[in-house]
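Residue numbers (the working numbering), protein chains in the order written: chain A, 1 to 323; chain B, 324 to 646.
Beta carbons: idealized from backbone N, C-alpha and C, even for Gly.
Report on the structure given below.
2 protein chains.
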Amino acid sequence: MTLILALDFGGTKLAAAVTQVGTDEWLRYERRLSPINGNATTDLEIMRSLIHNLLQDETPNAIGVSFGGPVDATTGTVRLSHHVSGWENIPLKDLLEKEFGVSASVDNDANVAALGEHRFGAGKEYDSLFYITISTGVGGGWILNGKPWRGNAGMAGEIGHMVVNPAGPVCLCGKQGCIERLASGPYMAQDAKEYLLKEANHFQGKKLRTLVNDNLDLITGKIISEAAAQGDELAINILQGGALALGMGIGNVANLINPQRFILGGSVTKSGEIWWKTVQKTARNTALPEIDFEIVPAALGDDAPLWGAVALAETILIERIQE
Amino acid sequence: MTLILALDFGGTKLAAAVTQVGTDEWLRYERRLSPINGNATTDLEIMRSLIHNLLQDETPNAIGVSFGGPVDATTGTVRLSHHVSGWENIPLKDLLEKEFGVSASVDNDANVAALGEHRFGAGKEYDSLFYITISTGVGGGWILNGKPWRGNAGMAGEIGHMVVNPAGPVCLCGKQGCIERLASGPYMAQDAKEYLLKEANHFQGKKLRTLVNDNLDLITGKIISEAAAQGDELAINILQGGALALGMGIGNVANLINPQRFILGGSVTKSGEIWWKTVQKTARNTALPEIDFEIVPAALGDDAPLWGAVALAETILIERIQE
């Protein structure tokens with residue numbers, strides 16, 4: 001039995017699972033929320049205890065790891081985490097290999113999720129695809145010629161910081177009108193809140209206000225989707241603005257790279273039909289008419305990074321055979 | 324002696340050359356302007372006579388072809404030409420193979436020029452690059468992992484129709500604010516002319532007017548560059564607007580694909596320092612700070628498609644050896 005250990009260091013949760021090569025089910029699965037005010041050391045401690053629960057007395061044949069932040073995939077060194085402190089330049093691959101005595105492979109969550117969808121999800125049998133996650137941030141991972149494309153320094157896939165409207169609002173990165181600034185959950189919530197503070201007596205946003213009992217700090221991307229589903233005009237406008245930005249980005253990418261499929265995952269993709277239709281229509285109108293592509297929802301949900309970690313570990317096993 | 328025949332069917336000119344594998348000089352070289360009101364048949368006739376002059380009594384070992392328009396590179400069939408009539412669905416590869424009895428490979432000019440710069444020009448020893456031509460149109464060709472990336476249906480590289488300003492002027496493709504609409508020579512000329520017609524008594528554009536003796540129909544991209552070099556404010560504004568659009572597109576592409584190099588060719592790249600500096604600065608500001616790349620001028624000039632055709636033909640020879 002060839003055993004794979006898959007690890008997912010997310011920004012807010014830690015997950016680990018074991019599976020047997022050739023199957024698409026978990027043998028065992030563990031998951032914990034990251035502690036508030038945790039750091040790299042506490043994350044590693046928790047992950048260690050999850051792994052020991054999972055492995056019992058077995059030894060995996062390879063370890064695949066998804067990390068929620070920039071990673072140098074060639075060395076398996078974490079560059080940093082935007083959510084958890086203390087991850088600067090941690091040689092995660094080396095740590096795991098020493099501790100467990102087997103080869104490990106580490107990459108960032110967008111690349112790993114793309115690989116997961118390609119191997120086990122909505123991208124099976126597609127040679128070229130772009131996976132996009134639209135959630136607290138907007139990021140992406142490439143599969144080209146059936147393999148991850150990470151770019152020259154492992155930085156490819158940053159669709160979140162594609163500028164689609166140079167006259168748009170200012171993003172954390174300093175530019176105006178980035179897709180992340182327009183389409184991510186927290187930024188949509190911020191825009192709704194600012195509008196409601198400024199236009200306190202306006203009719204728009206009434207249902208949105210009701211959903212949060214007039215406590216505007218409680219507005220989230222998810223609440224905006226709910227209000228939009230109930231017909232709230234402000235929520236619909238903001239959600240459509242985000243979908244327009246994303247759709248324009250997807251159309252631009254189709255023109256540039258002409259992949260077969262776009263696979264969309266992340267919490268914002270659960271925003272319902274208005275959102276999906278606007279993304280589809282805008283992408284179609286932005287791409288040249290002769291460029292075909294499909295935009296489909298991710299199939300693996302929150303487990304995409306874990307399944308991608310399995311695919312990473314499989315790559316280690318394949319390389320071992322080919323050597 | 325292994326002989327390669329390289330052909331370039333441009334929109335306005337036809338060129339052909341022969342070279343010996345392993346060298347980077349032409350043995351013989353021929354070039355003609357396309358006849359006005361010509362069509363696919365007259366283009367093919369002229370090319371045939373160029374080839375017979377070049378080959379004399381020799382037979383090439385392979386033929387590489389650059390075509391100025393969409394091509395299905397897998398079959399070597401031309402889809403159409405936007406400049407010359409009668410090219411719809413012409414099986415150019417088959418025609419040449421039958422006539423000369425050797426294998427041929429055909430691709431569109433942007434892909435072929437990218438290959439030429441990669442093999443013989445500014446992209447030597449770079450594994451990932453994006454070649455962009457900014458001329459009567461704006462198009463691009465990819466090299467990823469040292470090989471052409473053509474996309475799922477051979478349509479990759481269309482950076483000209485990336486939208487960088489959704490509030491911008493309307494492009495021929497129907498969208499607003501495409502890079503081609505803002506940065507290509509003819510569109511810059513059109514914008515200058517329209518401005519001068521509308522603001523007939525305005526001081527701006529005085530030098531531009533002088534350069535064309537007040538005959539606004541004579542304004543071209545090249546004349547705008549000349550006027551800008553002389554300090555004409557209108558010309559500078561228009562040229563910088565084009566450079567801004569292109570620079571934003573390049574920065575977006577760096578975020579998405581993270582190639583090592585961008586190589587810029589085409590007539591508009593001869594517009595001088597203002598243009599280059601604006602492209603460089605805007606691209607740097609649009610890409611995330613941690614993403615590195617270089618933007619350099621093409622090295623092969625007008626011969627990039629012919630040298631790329633040589634590289635295409637080399638691929639045929641390599642595949643023959645590997646079989």
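8 Å Cβ cutoff, residue i in contact with chain B
i, result
"ASN215 of chain A", "no"
"LYS124 of chain A", "no"
"ASP292 of chain A", "yes"
"LYS346 of chain A", "The structure shown does not extend to residue 346 of chain A, since chain A spans only 1 to 323, so no value can be given for it."
"SER128 of chain A", "yes"
"LEU256 of chain A", "yes"
Any C-beta of chain A under 8 Å from that of residue i
i, result
"ASN360 of chain B", "no"
"ALA338 of chain B", "no"
"VAL486 of chain B", "yes"
"LYS604 of chain B", "no"
"ASN412 of chain B", "no"
"LEU611 of chain B", "yes"
"ASN434 of chain B", "no"
"ASN384 of chain B", "no"
"PRO620 of chain B", "no"
"ALA490 of chain B", "yes"
First through last residue of the beta strand (DSSP E) which encompasses residue i
i, result
"SER66 of chain A", "62–67"
"LEU328 of chain B", "326–332"
"ALA105 of chain A", "Contrary to the premise, residue 105 of chain A reads as Ser rather than Ala in this sequence. SER105 of chain A -> beta strand (DSSP E) spans 104–108."
"ALA339 of chain B", "336–343"
"LYS470 of chain B", "470–472"
"LEU288 of chain A", "That residue, LEU288 of chain A, is in no beta strand (DSSP E); it is neither H nor E in DSSP."
"THR133 of chain A", "129–134"
"GLU58 of chain A", "Segment: none, GLU58 of chain A is in no beta strand (DSSP E) and carries neither H nor E."
"ASP586 of chain B", "The displayed chain sequence assigns Ile, not Asp, to residue 586 of chain B. Unbroken beta strand (DSSP E) run through ILE586 of chain B: 584–588."
"ASP29 of chain A", "The question names Asp, yet the displayed sequence has Tyr at residue 29 of chain A. 26–33 is the extent of the beta strand (DSSP E) around TYR29 of chain A."
"ILE216 of chain A", "Before going further, note that residue 216 of chain A is Leu rather than Ile in the sequence given. Note, LEU216 of chain A: premise wrong, no beta strand (DSSP E); not H, not E."
"LEU467 of chain B", "461–467"
"ILE295 of chain A", "294–297"
Closest residue to residue i among the options (Cα-Cα distance)
i, options, result
"HIS405 of chain B", "B:ASN412, B:GLY334, B:ILE455 and B:TRP472", "B:GLY334"
"LEU373 of chain B", "B:LEU330, B:VAL401 and B:ASN360", "B:LEU330"
"GLU348 of chain B", "B:LEU326, B:ALA363, B:PRO358 and B:ALA551", "B:LEU326"
"GLY409 of chain B", "B:LEU350, B:GLY345 and B:GLY361", "B:GLY361"
"PRO169 of chain A", "A:GLY154, A:GLN190, A:ASN108 and A:GLU158", "A:GLN190"
"THR269 of chain A", "A:LEU288, A:PHE9 and A:GLY301", "A:GLY301"
"ILE716 of chain B", "B:GLY588, B:PHE443, B:THR400 and B:LEU531", "In the structure as shown, chain B starts at 324 and stops at 646, and residue 716 of chain B therefore has no counterpart that could be examined."
"GLY241 of chain A", "A:CYS178, A:VAL84 and A:PHE120", "A:CYS178"
"ASP537 of chain B", "B:ASP555, B:ARG351 and B:LYS516", "B:LYS516"
"VAL619 of chain B", "B:THR605, B:LEU635 and B:PHE585", "B:PHE585"
"GLN56 of chain A", "A:ALA73, A:LYS206 and A:LEU27", "A:LEU27"
"GLY508 of chain B", "B:ILE542, B:ALA634 and B:LEU438", "B:ILE542"
"TYR187 of chain A", "A:THR136, A:LYS175 and A:ASN165", "A:THR136"
"ARG442 of chain B", "B:GLY345, B:ASP395, B:ALA634 and B:GLU642", "B:ALA634"
"MET248 of chain A", "A:ILE223, A:SER225, A:GLN230 and A:LEU288", "A:LEU288"
"TRP149 of chain A", "B:ALA506, B:LEU415, B:ASN468 and B:ALA606", "B:ASN468"
"VAL602 of chain B", "B:ALA340, B:LEU505, B:GLY464 and B:CYS494", "B:LEU505"
"ARG643 of chain B", "B:GLY424, B:ALA385, B:ASN578 and B:LEU587", "B:ALA385"
"LYS545 of chain B", "B:LEU519, B:LYS498, B:ILE457 and B:ALA396", "B:ILE457"
For residue i, the first and last residue of its enclosing alpha helix (DSSP H)
i, result
"VAL253 of chain A", "233–257"
"TYR187 of chain A", "185–198"
"TRP307 of chain A", "304–322"
"PHE203 of chain A", "First-last for PHE203 of chain A: undefined, no H or E at that position."
"THR42 of chain A", "40–55"
"PRO547 of chain B", "Just to set this straight, residue 547 of chain B is Ile in the shown sequence, not Pro. Element bounds for ILE547 of chain B: 544–552."
"GLU88 of chain A", "No alpha helix (DSSP H) holds GLU88 of chain A; DSSP gives it neither H nor E."
Inter-residue CB distance, residue i and residue j (contact presumed, cutoff 8 Å)
i, j, result
"ALA621 of chain B", "ALA445 of chain B", "6 Å"
"LEU418 of chain B", "PRO383 of chain B", "Not quite, the Cβ-Cβ distance comes to about 15 Å (not below 8 Å), so this is no contact."
"PRO628 of chain B", "LEU452 of chain B", "About 16 Å separates the two Cβ atoms, so there is no contact after all."
"LEU377 of chain B", "GLU411 of chain B", "LEU377 of chain B to GLU411 of chain B, Cβ: 28 Å. No contact."
"SER357 of chain B", "GLY631 of chain B", "About 20 Å; that fails the 8 Å criterion."
"ILE573 of chain B", "ALA606 of chain B", "4 Å"
"GLU45 of chain A", "MET478 of chain B", "That belief does not hold up - the Cβ atoms of GLU45 of chain A and MET478 of chain B are roughly 50 Å apart, past 8 Å."
"ALA76 of chain A", "ALA104 of chain A", "According to the sequence shown, residue 76 of chain A is Gly rather than Ala. Their Cβ separation, rounded to whole angstroms, is 7 Å, which keeps GLY76 of chain A and ALA104 of chain A in contact under 8 Å."
The region 582–595 of chain B: positions lying closer than 7 Å to chain A by Cβ: From the region 582–595 of chain B, only PRO582 and GLN583 have a Cβ closer than 7 Å to chain A.
Chain B contacts from the region 144–159 of chain A (Cβ-Cβ distance under 9 Å): So the list reads LEU144, ASN145, LYS147, TRP149, ARG150, GLY151, ASN152, ALA153, GLY154, MET155, ALA156, GLY157, GLU158 and ILE159, given in the order they occur along the chain.
The region 236–253 of chain A: positions lying closer than 9 Å to chain B by Cβ: Cβ contacts with chain B: LEU244, MET248, GLY249, GLY251, ASN252 and VAL253.
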